[in-house]
Amino acid sequence: MSAQCAPGEKEIENFERSFVFMKAALVIMAAGMGSRYGSLKQMDGVGPNREAIIDYSVYDAIRAGFGKVVFVIRHSFAKEFQEVFSAERFGGRIAVEYVFQELDYLPEGLTVPEGRVKPWGTNHAVMMAAKAIHEPFA
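Residue numbers (numbering that gives the first Met the number 0): 0 to 137.
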């Protein structure tokens, strides 16, 4: 039986170097229902030219060298969201992907409790984004 060896310095250095050249992805969790707010706050304009808060986040990510933004949204407003927050909106300076967070998108063996209607939250949103993320992310 052979023992599992820990990676050597060279393997660790190569692994670390691979991340240095990768552009990070920004994950924006935008699947909230806005039940307290009263509408989809993700899309409401708040800036002087009706920019949404998301616009500022993506702008900062572009300036920081991020290469992709992954929006976690729901099917119920996907069409409207994708029309507003497209790669064209950001001048093609960042790749844009969408993933969906739905109540019934759960690991095998789990079920939605009776009466639950709200999305699961942060951990679930990140789990939904996992297949779209192949780089460091924030």
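By construction, the Cβ of each residue, glycine as well, lies at the ideal position given by its N, Cα and C atoms.
Pair within 9 Å by beta-carbon distance, Tyr104 and Val69: no
Neighbourhood of Ala77 by C-beta, 8 Å cutoff - its chain only, sequence neighbours within 5 removed: Tyr97 and Phe99
Glu113 and Met21 closer than 9 Å at C-beta: no
Cα-Cα separation, Pro118 to Arg73: 9 Å
Boundaries of the alpha helix (DSSP H) in which Phe80 is found, first to last residue: Ala77 to Val83
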